[in-house]
Structure formats: C-alpha cells, structure tokens
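So for the sequence shown, the UniProt record's numbering puts the first residue at 1; every next one is plus one. Some notes on the structure that comes next.
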Amino acid sequence: MQPSDQKSPSPPRPRLTERRQPQPGDLICGQCGEANTPTRKFCSRCGSALAEAAVVPEKWWRRLLPERAPAKAGTRHRRGNARRGVGKVLRWSFLTALLAAVGLYGLAPAVRSAVNTWALDRVHDVKGVFATDLTPVHPTSVTATAESAGHPALLAADNAKNTFWLAPVEPRPPALVLDFGQEVDLRQAIVRAGDPDDFQAAHRPKKLHLVYPTGRTFDVELADTPDEQRVKIEGSEGATSVEVHVVEVHRSLRGSEVALAEIEFFAVR
C-alpha cells in the first residue's frame with residue numbers, strides 16, 4: 001500500500017483575543033494576567049479559577065466622591081440634557097464676560113490705566129519675592145529716643161567704622177528712628193555692634209525690635225562680636241521709616257550704656 005501523498009492537517013492556531021483593560025473591581029487571573037469582570041468565577045482567557053484572584057483597586061480620588069443613587073427609569077436622558085444646557089450657558093456667559101472686559105480695556109482709558117497699574121504692582125510683588133539683587137538705602141534723617149553726649153544717633157548711619165551711637169539703657173530701652181523719605185522694601189541689614197575702639201567699654205545690642213509705620217514688626221538677634229553681621233529683614237513693605245529698638249543687650253565689663261557702631265539697610269528696588 002502506497003503512503004498517501006496528502007499532508008496531515010496542521011493543528012489549529014489559537015485565536016488571540018484582545019486583552020480587557022483592567023477596571024476597578026476586576027479580578028486579575030493569577031495564571032495568565034487577564035482582567036475579568038467581578039461576577040466571573042473562572043478566567044475568560046485560560047479558564048483558571050478566580051477564587052484567589054487579585055482585585056483591581058479603585059482610584060483614590062473616586063473614593064472621595066459621594067455615591068450617587070442609580071437613576072430612575074426615564075430620567076437619565078433628561079439629566080444629561082440638563083447638564084449640557086447648564087454647560088452651554090456657562091460657556092456663553094464666560095465668553096460674553098471676556099469680550100466685555102476686552103472692550104472696556106480697549107475703549108475706556110480709566111479702566112486700561114487701572115488694569116495696567118494692577119498688573120505692574122503684581123509684577124513688582126513677584127520680583128520682590130524672587131529678587132536677589134539688593135540696593136543700599138540711606139536715611140534722609142536719623143534721630144533717637146536717647147543719646148549720650150558726643151555720640152549722637154547720626155553716627156550709627158554715617159558709614160564710618162570708627163564712630164558709634166551711644167545711649168543709656170535706663171529708664172527704658174533706647175531706639176533709633178531712620179526716615180528714608182520714600183517707601184522701601186527692606187530685606188537685609190549690616191550691623192556693627194559696640195565701641196569699635198574698646199569693645200568692652202559699653203553694652204552691645206543683643207536683640208533689635210524693628211517697628212514700621214505700617215504696624216508690622218520684626219525682631220533681629222545679634223551675636224556678641226565686633227565683626228560685621230549681615231541679618232535678614234522682613235515685613236517692611238510699604239514703610240517709609242523704621243524704628244530700631246534695642247530691647248536686649250550683651251552686658252559689658254564696665255559702663256552702663258549701649259553702643260551701636262553702624263547699621264546699614266538694603267532693599268529690593
């Protein structure tokens with residue numbers, strides 16, 4: 001018997017089905033990784049049991065939303081129409097308001113000027129937050145609530161290292177008053193404490209309490225050193241002057257007065 005010339009039929013190829021995109025609550029088959037609806041007992045792809053299948057967790061933000069009751073028969077279509085109608089009204093309202101604002105800006109000089117001023121102020125505020133370039137600001141006048149003979153308040157702001165303001169600490173803490181003659185935004189100060197020629201001859205400022213005419217205040221802590229100290233300043237936006245109150249001192253070995261050799265302020269322009 002001659003062997004048949006016919007070839008044996010090839011085995012059927014398995015059909016590749018598109019995998020289901022996992023949804024919250026789906027059961028993930030441990031054998032093939034297929035996502036199955038929560039109602040299935042066996043995998044729709046490989047037939048394995050789903051008794052111990054992993055459950056796809058629900059997205060965290062959906063858990064924060066209140067559960068909605070199922071829509072009653074005949075109401076879903078009307079609700080969708082209502083939402084679309086509200087959305088359309090809101091879009092047209094926004095467009096109308098935008099066109100009106102553009103028209104006012106273009107046709108009304110007063111409105112245009114106000115908007116431009118507001119925008120420039122906001123730009124200045126943002127630049128003030130991120131600015132790193134500081135400019136020294138010099139007072140137009142310097143006075144004090146108390147001062148000792150030969151060492152007036154002006155010597156604390158004369159940019160000289162060999163002079164100093166001297167004042168008694170009793171009966172109340174002394175204060176310098178520096179007037180800048182314009183609004184300033186102070187961000188930093190350089191302070192030199194004590195008598196530069198004899199550091200132990202007078203008390204040195206330990207804590208300065210800054211008071212602005214806007215009502216805001218800021219405290220500065222100083223180390224007990226004759227060296228230059230750079231300190232951060234805040235809260236002076238809109239101020240034209242500053243009161244520098246010496247509320248605490250580093251005690252000297254002799255003397256009953258407090259000495260401040262120099263205080264120089266730097267501001268954002």
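Quick reminder that beta carbons are idealized off the backbone N, C-alpha and C, glycines included. Bear in mind the structure is a predicted one, so any value in this text is a computation, not a measurement.
Proximity of the stretch 143 to 151 to the stretch 165 to 172 meets the contact definition, three or more beta-carbon pairs being nearer than 8 Å. Leu155 and Phe164 have their C-alpha atoms roughly 5 Å apart. For Asn159, the closest alpha carbon among the candidates Pro173, Ile190, Pro57 and Gly181 is that of Ile190. Look at Ser93 here: in three-state DSSP terms it is helix. Bounds of the beta strand (DSSP E) holding Thr217 are Thr217 to Glu221. An exposed status is given to Phe94, since fewer than 16 other beta-carbon atoms sit within 10 Å of its beta-carbon.
Around the C-beta of Leu90, fewer than 16 other C-beta atoms lie within 10 Å, and the residue is accordingly described as exposed.
Counting along the chain, Ile190 sits inside the beta strand (DSSP E) bounded by residues Leu186 to Ala193.
For Pro205, the pairing in a beta bridge is given by DSSP as Val249.
Note that the C-beta distance between Val244 and Leu186 is not below 8 Å.
For the set Arg216, Pro196, Gly215 and Leu210, the Cα lying nearest the Cα of Asp224 is the one of Pro196. DSSP, reduced to helix, strand and coil, places Pro109 within a helical segment of the structure shown. Annotated three-state conformation of Phe265 is strand, per DSSP.
Per DSSP, the continuous beta strand (DSSP E) segment holding Ala167 begins and ends at Trp165 to Pro168. With a 10 Å radius around the Cβ and a threshold of 16 neighbouring Cβ atoms, Ser256 comes out exposed.
DSSP lists Ser141 and Ser241 as the beta-bridge partner residues of Asp179. Using a Cβ distance threshold of 8 Å, Lys161 and Ala261 count as a contacting pair. For Pro24, same chain residues with a beta-carbon under 8 Å away, outside a window of 5 residues either side, are Val56, Pro57, Glu58, Lys59 and Arg62 in chain order.
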